[in-house]
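Take a look at the structure set out below.
Numbering (UniProt numbering), first residue to last: 1 to 215.
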């Protein structure tokens, strides 16, 4: 029933969109319609350009996501190891995470030029600081009694990290990864808006300029 209702709502939305476009309730030139979008989609597939743009954006997104995950895990671990360092850096992480990431894109172009490196860094910038905060918070929420038990049995802080903190933080790590993959895609699209000649972001900007149905 849930699957049926999901599909029904989607089909109902598409049908209403098509009907409003055909009856001139909305301007089809600006809002397009499902049938026009489908025809444009087929045209892009026949030109063999859409899959190329999708592949480039997918590659940039996955690379940004993996770099964010690896670097944020390392940074969160370092902050967990050093309570003094975490107290010093935590306000800066909060401020950096609150910055509007789209405003950083022009600066990245000035610093790094136009190209894939700029787009990957733009994808990382959207998710990086939030990932560090989320992972570090998850590490701090692990049961202190279990960590104390490791120390009582002669274990080191490294033992408590690998045997208690990381296993106990797996739900937080997975939820952070699920959020980061979406944020990395957003950052990559923003970067492609400004500094790319290939990719879905470039295709969206180009389509909006020529009033393409898919844009």
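Cβ atoms here follow ideal geometry from the backbone N, Cα and C, with glycine treated the same way.
Excluding sequence positions up to five away, which residues of its chain have a Cβ less than 6 angstroms from the Cβ of residue 50?
-> Within the chain shown, residue 50 is the residue found at index 50, counting from 1. Correct list, in chain order: 44.
With a CB to CB cut of under 7 angstroms and the five nearest residues on each side skipped, what residues in its chain are close to residue 177?
-> Mapped onto the chain shown, residue 177 falls at position 177. The residues are 69.
Is DSSP giving residue 99 helix, strand or coil here?
-> The residue given as residue 99 occupies position 99 in the chain shown. Three-state result, residue 99: coil.
Inter-residue Cα distance where the pair is residue 72 and residue 4 = Position 72 of the chain shown holds residue 72. Position 4 of the chain shown holds residue 4. Approximately 40 angstroms between the Cα atoms of the pair.
Just how far apart, CA to CA, sit residue 198 and residue 173?
-> Locating residue 198 in the chain shown gives position 198, where the first residue counts as 1. Locating residue 173 in the chain shown gives position 173, where the first residue counts as 1. So the alpha carbons of these two residues sit roughly 32 angstroms apart.
When the Cα atoms are used, what is the spatial distance from residue 62 to residue 135?
-> As a working note, residue 62 is residue 62 in the chain shown. As a working note, residue 135 is residue 135 in the chain shown. Spanning the two alpha carbons is a distance of roughly 19 angstroms.
The alpha helix (DSSP H) with residue 122 in it runs from where to where?
-> Position 122 of the chain shown, counted from the first residue, corresponds to residue 122. 116 to 140 is the span of the alpha helix (DSSP H), which, as asked, contains residue 122.
Local conformation of residue 186 per DSSP, three classes | In the chain shown, counting from the first residue as 1, residue 186 sits at position 186. Looking at residue 186 - three-state DSSP - the assignment turns out to be helix.
Count the C-beta pairs between the stretch 102 to 114 and the stretch 181 to 191 that are closer than 8 angstroms, then say yes if the count reaches three, no if not.
-> yes
Between residue 120 and the rest of its own chain, which residues show a CB-CB distance below 6 angstroms, the 5 nearest in sequence each way excluded?
-> Working through the chain shown from its first residue, we reach residue 120 at position 120. Correct list, in chain order: 60, 63 and 64.
Whole angstroms is fine: what's the gap from residue 186's alpha carbon to residue 123's?
-> Within the chain shown, the letter at position 186 stands for residue 186. Within the chain shown, the letter at position 123 stands for residue 123. Approximately 7 angstroms between the Cα atoms of the pair.
According to DSSP, is residue 1 helix, strand or coil?
-> Here residue 1 corresponds to residue number 1 of the chain shown, with the count starting at 1. Coil.
Sorted by chain position, which residues of the same chain lie with C-beta nearer than 6 angstroms to residue 20's C-beta, five sequence neighbours on each side aside?
-> Position 20 of the chain shown, counted from the start, is the residue given in the question as residue 20. If we look at residue 20 and ignore the five residues flanking it on each side, its Cβ neighbours are 26.
Considering only residues of the same chain and omitting the five flanking positions on each side of residue 150, which have a CB-CB separation below 7 angstroms?
-> Counting from one through the chain shown, the residue named residue 150 turns up at place 150. The answer, listed in chain order, is 159, 160, 163 and 164.
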